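**Q**
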Amino acid sequence: MKTKQIKRLAVLTSGGDAPGMNAAIRSVVRMANCYGIETLGFLRGYHGLLENEFVELGPRSVSNTIHRGGTILKTSRCKEFETKEGLKKAAQNLEDNNLHGLIVIGGNGTCRGAYELGKFWKGQILNVPSTIDNDVYGTDATIGYDTAVNTGVAAIDKIRDTADAHERFFLVEVMGRKAGFIGLNVGIAGGAEEIMIPEKKQSIETIHRHLCSGEEKGKKSSIIVISEGDEAGGALEIAKKLKSLNGCEYKVVVLGHTQRGGSPTAHDRILATELGAFAVEQFLKGKSGVSAGKRAGKLVLTPLKLAWSKKKSLNPFLLKLLPILST
Ligand code: F6P
Numbered sequence: 109m110k111t112k113q114i115k116r117l118a119v120l121t122s123g124g125d126a127p128g129m130n131a132a133i134r135s136v137v138r139m140a141n142c143y144g145i146e147t148l149g150f151l152r153g154y155h156g157l158l159e160n161e162f163v164e165l166g167p168r169s170v171s172n173t174i175h176r177g178g179t180i181l182k183t184s185r186c187k188e189f190e191t192k193e194g195l196k197k198a199a200q201n202l203e204d205n206n207l208h209g210l211i212v213i214g215g216n217g218t219c220r221g222a223y224e225l226g227k228f229w230k231g232q233i234l235n236v237p238s239t240i241d242n243d244v245y246g247t248d249a250t251i252g253y254d255t256a257v258n259t260g261v262a263a264i265d266k267i268r269d270t271a272d273a274h275e276r277f278f279l280v281e282v283m284g285r286k287a288g289f290i291g292l293n294v295g296i297a298g299g300a301e302e303i304m305i306p307e308k309k310q311s312i313e314t315i316h317r318h319l320c321s322g323e324e325k326g327k328k329s330s331i332i333v334i335s336e337g338d339e340a341g342g343a344l345e346i347a348k349k350l351k352s353l354n355g356c357e358y359k360v361v362v363l364g365h366t367q368r369g370g371s372p373t374a375h376d377r378i379l380a381t382e383l384g385a386f387a388v389e390q391f392l393k394g395k396s397g398v399s400a401g402k403r404a405g406k407l408v409l410t411p412l413k414l415a416w417s418k419k420k421s422l423n424p425f426l427l428k429l430l431p432i433l434s435t
C-alpha cells in the first residue's frame, strides 16, 4: 500500500525584527497544521539554518504570541549565508531534514538570501515581507511598518508639547537607512515642518531658509523628521550644520530601535495573519521563488528577484503635500 507523504515546511525570521513577525509565524504554523503539514522553525534566521538549530512547531508553540513584538524564533544578520559555501550548507540541511518548503519572514536582505538559496535547493521557497523599513517591492506595506510609523508619531506628539512650551526647534531621527517610507509618513502624520529622507535631495541651506520663512510667518516651534539614511547625515550632524548657519540651538531626539519594538498594531497583526496563511496556501499550490504581498487590497505574489531588487516608490502625492501643509 502506498503511504501518503506528509509535507514538511520550515519557517524562519531573519534580519531586523519587526512587530508582527510573531503573528506571521503563528499564522504559518496554524495554517500548515490545518492542512496536516509539519512545521519546524529555524532559530536566529539563516544562522540557525546553517547550524541546523531548530524547534518543532505546533499550534501550542505559538500561543499568546500574536500581540508580542520581537520574534519567538529570534533573528540575526548572517554574513556566512552570503557565501556560496554557506548557501550549499543551508541547502544540505534543508534536504537532511526532509523539508519540502521554506518560508522566510524578513526584509530586503532576507528576501535576497531566499533568492540566492533557490539556486542551490530544489524545494519551494517563499518570502513573507516583514521589515519596519517597508522597502520590499510587491506589497503596499510590509509587516511592522505600520507599528513603526505609529511609534514615531506617538513620540512626535509628545515632542510637540515640549517644543511648543519652550518655543524650540526639534530634529527627530527615525529609522530607514536606505528608504524614506518611515520618514515621510511619520512627517506627514506628525505634522512636521520638514522631512529629510534619502529619496529627496535638499541642502541644509534650503532647510534653513524654510525654517526662517516659518519664523517670519509666526511659527514659534518646528519639528523636522530626518531619516537615518539622509545624505546630509544623521540628526546630530544636521543640528551642527544648521547651528553654524543661524546660531540656533536644535534639540535632537533619535528614536532608533524604539521603532522596532512594541506590540504590533491591529493593521500589522492582520497583514501578518493574511500573508502568513497565504504563503502556506501558495506552498500547497506548488509555488516557489516568490514573495507574498498585498496590493490594492488583493493578495499577490511577486518573483523574489523583483521583490528585493526593484525600488518601491514613495507616495508622490504625500511628497507634494508636505511643504504645502507645513506653511
Ligand atoms: O530592520 C531595518 C532597520 O531597522 C533599519 O531601519 C536600520 O537601518 C537597521 O535595521 C538597523 O539594524 P541593526 O539593528 O542591525 O543595527
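My numbering numbers the first residue of the sequence shown as 109 and each following residue consecutively. All C-beta atoms, glycine included, are put in the ideal place defined by N, C-alpha and C. In this text, all values refer to a predicted model and were calculated from it rather than measured experimentally.
Judging by CA-CA distance, which residue of Lys349, Glu161, Pro306 is the nearest neighbour of Ile312?
**A** As a working mapping, residue 312 is identified with position 204 in the sequence shown. Ile312 has its Cα closest to that of Lys349, out of Lys349, Glu161, Pro306.
**Q** Would Ala385 pass as a contact of Ser399 if the rule is Cβ separation under 8 Å?
**A** The count along the sequence shown starts at 1 and reaches residue 385 at position 277. The count along the sequence shown starts at 1 and reaches residue 399 at position 291. No, they are not a contact pair.
**Q** Does the beta carbon of His365 fall short of 7 Å from some heavy atom of ligand 1?
**A** Counting from 1 along the sequence shown, the entry for residue 365 is found at position 257. Under cutoff, so the answer is yes.
**Q** Tyr358 bridges to which residues according to DSSP?
**A** Reading the sequence shown from its first residue, position 250 is the one you call residue 358. Per DSSP, Phe277.
**Q** What do you reckon, is the C-beta of Thr250 under 7 Å from a heavy atom of ligand 1?
**A** The residue you call residue 250 lines up with position 142 of the sequence shown. Checking the Cβ of Thr250 against ligand 1 gives no.
**Q** Would a C-beta distance cut-off of 8 Å place Val360 and Val282 closer than the cut-off?
**A** Locating residue 360 in the sequence shown gives position 252, counting from the first residue. Locating residue 282 in the sequence shown gives position 174, counting from the first residue. No; because the gap between Cβ atoms is not below 8 Å, this pair is not in contact.
**Q** Would you mind giving the Cβ-Cβ distance between Ile213 and Ala132, rounded to the nearest angstrom? I have them listed as a contact below 8 Å.
**A** Stepping through the sequence shown from its first residue, residue 213 is reached at position 105. Stepping through the sequence shown from its first residue, residue 132 is reached at position 24. Indeed they touch by this definition, with Cβ atoms about 5 Å apart.
**Q** Look at the alpha carbon of Phe278 and the alpha carbon of Leu422, and state the distance between them as a whole number of angstroms.
**A** For this step, residue 278 is matched to residue 170 along the sequence shown. For this step, residue 422 is matched to residue 314 along the sequence shown. Rounded to whole angstroms, Phe278 to Leu422 spans 24 Å at the Cα level.
**Q** Can you tell me whether Met304 sits near ligand 1, meaning its C-beta is under 7 Å from at least one heavy atom of the ligand?
**A** In the sequence shown, counting from the first residue as 1, residue 304 sits at position 196. Flag unset: Cβ of Met304 not near ligand 1.
**Q** Roughly how many angstroms separate the alpha carbons of Lys192 and Ser238, rounded to a whole number?
**A** Here the question's residue 192 lines up with position 84 in the sequence shown. Here the question's residue 238 lines up with position 130 in the sequence shown. Taking the straight line joining both Cα atoms gives about 25 Å.
**Q** When we look at the beta-carbon of Cys186 and count the other beta-carbons within 10 Å, is it buried (16 or more) or exposed?
**A** Position 78 of the sequence shown, counting from 1, holds the residue named residue 186. By the neighbour-count rule (16 or more Cβ atoms within 10 Å), Cys186 is buried.
**Q** Hey, would you say Gly128 sits closer than 8 Å to Gly252, going by beta carbons?
**A** The count along the sequence shown starts at 1 and reaches residue 128 at position 20. The count along the sequence shown starts at 1 and reaches residue 252 at position 144. Their beta carbons are under 8 Å apart, which means Gly128 touches Gly252 by this criterion.
**Q** Return the bridge partner residues of Phe162 from the DSSP annotation.
**A** Working through the sequence shown from its first residue, we reach residue 162 at position 54. Phe150, per the DSSP bridge assignment.
**Q** Where in the segment 211–284 do unbroken runs of the alpha helix (DSSP H), each at least 4 residues long, occur, reported from the N-terminal end onward?
**A** List check, alpha helix (DSSP H) in window: 216–225, 253–274.
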